[in-house]
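Counting in my numbering, the sequence shown runs from 6 upward without gaps.
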Amino acid sequence: MSKFIEKLQNAWDKQNSLLVVGLDPDQQRMPESILQSKTPIFDFCKGIIDATAEYACAFKPQIAYFASQGAEMALTQLCHYISNTYPELPILLDSKRGDIGTTADHYAKEAFERYCADAITVNPYMGFDSIEPYLAWENKGVIILCRTSNQGGSDFQFFESADGTPLYLEVAKTVAEKWNLSEQCSLVVGATFPEELAKVRACVGDDMALLVPGIGAQGGDIEATVMAGANSKGQGLMINSARAILYASSGTDWQEAAAAEARKTRDSINEAREKFLATKKETEEI
Ligand SMILES: O=C(O)c1cc(=O)[nH]c(=O)n1[C@@H]1O[C@H](COP(=O)(O)O)[C@@H](O)[C@H]1O
């Protein structure tokens, strides 16, 4: 088991949560009171982190929301804040990188040194040598796009190989069989496509963690997600929600509202996990 998976497993167990809180700070949607601050992005995200840490198994900052606002320093400070204050919670840096090896070396250094992330999201389109530089960081996780949550994901991800296997399942199979030798890899599968989520889980087996965005603002169904994607322990999923938690209120109660939404989401996920485990038990008894 890689250090990343160990840390994630520990967070799943200790927090009794599969919820990942997405950090996608958008100044257009932040509460008025925060915008008065000299460091609104840092203050907003820190407020969200403190309000929701109790309910989360990880945080996932999306790099574009910081870079587009010249706020890389805020991202660095936030990542260090998470790793010092909530050291048990992994940081999943969402940057969806993908480039030739020499360039990927620098993306890996950026993610794992500058931002002290525990894992990074990457795009598999350029093949194994574009992923290898991230895998060279033995303690870190590499989360590979497989079946994305957006409608346009079907443009390429459903292309079929000669034996009829769709591309997203080829990705899942290749990652599970060839790229995951040191158990550092995870896959991204959208909550908006539970049927495909079930196929990916069946393909990769029990041990691989799946990052599942698409509940909350994108409308994915929590129960269908858990029923389709959980592993035999009722875990195995990092279920991300960003906007629904971040912007639960634009009033002065924004932290309380974010905490309430995170708690509600965690609880709904846990109810679905109980149902999943009960159904599994019933099936095994038959
Ligand atoms: O890799 C991701 O995190 C990701 C993959 C995907 O297929 N779909 C997807 O929405 N995401 C990210 O997950 C987050 C979803 O945010 P909300 O829709 O606000 O919960 C955003 O940061 C997206 O960039």
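Note that the Cβ used here is the ideal one computed from N, Cα and C, for glycine as well.
On the criterion of 16 or more Cβ atoms from any shown chain inside 10 Å, does ASP99 qualify as buried, or is it exposed? buried
Please tell me whether, using a cut-off of 7 angstroms, the distance from the CB of LEU216 to the nearest non-hydrogen atom of ligand 1 is below it. yes
Should ASP160 be counted as a contact of ligand 1 given a C-beta to heavy atom distance under 7 angstroms? no
Specify the secondary structure class of GLN67 as computed by DSSP and reduced to three states. strand
Where ARG34 sits in the DSSP three-state scheme: coil
Rounded to whole angstroms, how far is the Cβ of VAL127 from the Cβ of VAL147, which I believe are closer than 8 angstroms? 6 angstroms
Taking the CB atoms as reference points, tell me whether ILE39 and ILE87 lie closer together than 8 angstroms. no
Using a threshold of 7 angstroms, is the CB atom of VAL147 nearer than that to any non-hydrogen atom of ligand 1? no
Contacts around ASN185, its chain only, beta-carbon distance under 6 angstroms, and the 5 residues preceding and following it disregarded: none
Which residue wins for smallest C-alpha separation from MET78, given the options ALA265, LEU251 and ARG119? ARG119
VAL180 beta carbon near ligand 1 (any heavy atom closer than 7 angstroms): no
Would you please state the rounded distance, in angstroms, between the beta carbons of THR57 and ALA267? I believe it to be under 8 angstroms. 4 angstroms
Output the boundary residues of the beta strand (DSSP E) element that contains ALA124. 124-127
For ligand 1, I want to know if SER246 counts as a neighbour, meaning its beta carbon is within less than 7 angstroms of at least one of the ligand's heavy atoms. yes
Can you grab the Cα-Cα spacing for the pair GLY103 / LEU140, in whole Å? 13 angstroms
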